[in-house]
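Asks: Note that UniProt numbering numbers the sequence shown so that position 176 is 176, with each residue one more than the last. One structure, pasted below without further comment.
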Amino acid sequence: MTTIPGINIHVHMVDVDKHQIRVEAGVLLEKLNTEILPSYGLALSLLAAISEQTIAGAISTGTHGTGYNHGIMATKIVSLELLTGSGEVLQCSDSENPDVFNAALCGLGALGIILTVTIQCEPAFRLHEIQTSTTLDDVLDNLDSNVEGCEHFRFQWYPHTDMVSLSKVNRTEKRITETRSSWFWDKFVGYYALEFSFWLSLFVPSLVPWINRLFFLIFASLPKERVDISHKVFNFECLFKSHVTDWAIPR
Ligand SMILES: Cc1cc2nc3c(=O)[nH]c(=O)nc-3n(C[C@H](O)[C@H](O)[C@H](O)COP(=O)(O)OP(=O)(O)OC[C@H]3O[C@@H](n4cnc5c(N)ncnc54)[C@H](O)[C@@H]3O)c2cc1C
1 MTTIPGINIH VHMVDVDKHQ IRVEAGVLLE KLNTEILPSY GLALSLLAAI
51 SEQTIAGAIS TGTHGTGYNH GIMATKIVSL ELLTGSGEVL QCSDSENPDV
101 FNAALCGLGA LGIILTVTIQ CEPAFRLHEI QTSTTLDDVL DNLDSNVEGC
151 EHFRFQWYPH TDMVSLSKVN RTEKRITETR SSWFWDKFVG YYALEFSFWL
201 SLFVPSLVPW INRLFFLIFA SLPKERVDIS HKVFNFECLF KSHVTDWAIP
251 R
């Protein structure tokens, strides 16, 4: 157990040479990103859109980020301790109880309670994101080169338009760029006005195409670029309550 004030309760072991850390399974990714890992010069190799989850919740649900050469978050788990229904604590890894280990990764809590996890991290890094827009046909026609042409590729289609916003992210040594935020555009227009417009569209569904076109024009049509520490680029604002479905599409 280490003794970093305020956070020692979560950290059981750190191997700085191997870039591995063992933490309590209930630790929030946010705490890992902003408090625990930076104090060892480490970072998670990939993240999902948010960091409000626990590490156990993220690995138990197959939580994923983006990246042609990256697996899901559970692929970064080196070992874990599992409290089974019989009260036994199992040490699980590729070499100890490997079947249980593989099942517990993405296990939805069905095998027991994960107590601690050892995570393969890497030295802290910065990411360079370039956001552009194009047509849906262009993205789909060039999907392979887009996906393989950068470390992390993401696109969002705006229904009722044929336009998409693209995000291409790569590691960089460049300096962190300053971000200018505007309460009016980011919060008032980009959050409250958008949510209110969608609420209105519940009563007037024909508004939806206009809302999508307008918000694409305001927020996604112009190119943007930034450099920041990894978790700030991996995570993005999911705005208000949304309904999401994930699909794996064979190529
Ligand atoms: C706004 C938002 C954005 C998201 N974005 C993404 C994304 O980009 N990519 C993606 O893949 N997912 C995404 N998710 C899904 C999210 O990563 C998962 O729902 C995650 O499981 C939530 O973690 P949690 O800590 O809330 O877990 P919970 O919801 O509490 O639990 C999830 C599952 O894990 C099990 N579990 C939790 N703790 C333990 C434990 N200690 N031992 C054993 N089992 C345990 C539970 O039994 C349950 O089956 C998103 C979710 C939200 C709300």
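Think of the CB as a built atom: it goes at the ideal place given N, C-alpha and C, for glycine as much as any other residue. None of these values were measured; they are calculated from a predicted model.
Have a look at His-160, Leu-82, Glu-129 and flag the residue whose alpha-carbon is nearest the alpha-carbon of Arg-175.
Replies: Position 175 of the sequence shown, counting from 1, holds the residue named residue 175. It is Glu-129 whose Cα lies nearest to the Cα of Arg-175.
Asks: Any heavy atom of ligand 1 inside 6 Å of the beta-carbon of Ala-103?
Replies: Counting from 1 along the sequence shown, the entry for residue 103 is found at position 103. Outside the cutoff, so no.
Asks: Quick one: what does DSSP say Lys-232 is sitting in, helix, strand or coil?
Replies: In the sequence shown, counting from the first residue as 1, residue 232 sits at position 232. If DSSP states are grouped into helix, strand and coil, Lys-232 belongs with the helices.
Asks: Is it true that the CB of Glu-195 sits closer than 7 Å to the CB of Phe-236?
Replies: For the purposes of this step, residue 236 is identified with residue 236 of the sequence shown, where counting begins at 1. For the purposes of this step, residue 195 is identified with residue 195 of the sequence shown, where counting begins at 1. The answer is no: Cβ separation not under 7 Å.
Asks: Exposed or buried, which one is Thr-135 when buried takes at least 16 other CB atoms within 10 Å?
Replies: Translated into the one-based positions of the sequence shown, residue 135 becomes position 135. Its Cβ having fewer than 16 others within 10 Å, Thr-135 is exposed.
Asks: Under 6 Å Cβ to Cβ from His-64, same chain only, skipping five residues before and after it: list those, please.
Replies: The count along the sequence shown starts at 1 and reaches residue 64 at position 64. These residues qualify, in order along the chain: Ile-72.
Asks: Please state if the CB of Gln-131 and the CB of Ser-167 are separated by a distance shorter than 7 Å.
Replies: For the purposes of this step, residue 167 is taken as residue 167 along the sequence shown, with counting starting at 1. For the purposes of this step, residue 131 is taken as residue 131 along the sequence shown, with counting starting at 1. Yes. Within cutoff.
Asks: Given a cut-off of 7 Å on the beta-carbon distance, is the pair residue 271 and Lys-76 in contact?
Replies: The displayed coordinates of the chain run from 1 to 251. Any statement about residue 271 would go beyond what the structure contains.
Asks: Please find out if some non-hydrogen atom of ligand 1 comes closer than 6 Å to the beta-carbon of Cys-106.
Replies: Looking up residue 106 in the sequence shown gives position 106. Incorrect: Cys-106 has no Cβ contact closer than 6 Å to ligand 1.
Asks: Just to confirm, is the Cβ distance from Leu-83 to Ile-55 under 7 Å?
Replies: Start at 1 with the first residue of the sequence shown, and residue 83 comes out as number 83. Start at 1 with the first residue of the sequence shown, and residue 55 comes out as number 55. Not closer than 7 Å, so no.
Asks: For Ser-182, which three-state DSSP category applies?
Replies: Within the sequence shown, numbered from 1, the residue matching residue 182 stands at position 182. In this structure, Ser-182 counts as coil in the three-state DSSP scheme.
Asks: Report yes or no: do three or more beta-carbon pairs, one from the region 136-155 and one from the region 180-194, lie closer than 8 Å?
Replies: These segments do not touch.
Asks: Looking at the strands, I want to know which residues DSSP matches up with Asp-15.
Replies: The residue you call residue 15 lines up with position 15 of the sequence shown. For Asp-15, which the question treats as bridged, DSSP gives the partners Gln-20.
Asks: Check whether the region 201-217 and the region 158-165 touch, using three or more Cβ-Cβ pairs below 8 Å as the test.
Replies: At 8 Å Cβ cutoff, the stretches touch.
Asks: Give the secondary structure of Ile-225 by DSSP, where H, G and I count as helix, E and B as strand, and everything else as coil.
Replies: Sequence index remark: in the sequence shown, residue 225 carries index 225 (1-based). This sequence places Glu at residue 225; Ile is not what is there. Of the three classes helix, strand and coil, the one that applies to Glu-225 here is strand, per DSSP.
Asks: Quick one: what's got a C-beta closer than 8 Å to Gly-57's C-beta in the same chain, skipping five residues either side?
Replies: Taking the sequence shown and counting its residues from 1, the one referred to as residue 57 is at position 57. Answer for Gly-57: Thr-63, listed in chain order.
Asks: Is any heavy atom of ligand 1 found at a distance shorter than 6 Å from the C-beta of residue 252?
Replies: In the structure displayed, the chain extends from 1 to 251; residue 252 sits before or after that span and is not available.
Asks: Could you check which residue in Ile-59, Val-14, Thr-61 has the C-alpha nearest to that of Leu-37?
Replies: Locating residue 37 in the sequence shown gives position 37, counting from the first residue. Among Ile-59, Val-14, Thr-61, the Cα nearest to that of Leu-37 belongs to Val-14.
Asks: Measure the C-alpha to C-alpha separation of Phe-153 and Ala-49 and round it to an integer number of angstroms.
Replies: To locate residue 153, count along the sequence shown from 1; it is residue 153. To locate residue 49, count along the sequence shown from 1; it is residue 49. Using only the alpha carbons, I get a separation of about 13 Å.
Asks: Tell me whether the beta-carbon of Gln-20 lies closer than 7 Å to the beta-carbon of Val-78.
Replies: Position 20 of the sequence shown, counting from 1, holds the residue named residue 20. Position 78 of the sequence shown, counting from 1, holds the residue named residue 78. The answer is yes: Cβ separation under 7 Å.
Asks: Rounded to whole angstroms, what is the Cα-Cα separation between Ser-165 and Thr-179?
Replies: One-based indexing of the sequence shown puts residue 165 at position 165. One-based indexing of the sequence shown puts residue 179 at position 179. Whole-angstrom Cα-Cα distance: 19 Å.
Asks: By how many angstroms is the C-alpha of Val-27 removed from the C-alpha of Ser-60?
Replies: In the sequence shown, the residue the question calls residue 60 occupies position 60. In the sequence shown, the residue the question calls residue 27 occupies position 27. Cα to Cα, the separation comes out at about 14 Å.
Asks: Bridge partners of Asn-170, per DSSP?
Replies: The residue labelled residue 170 in the question sits at position 170 within the sequence shown. Note: Asn-170 sits in a beta bridge opposite His-128.
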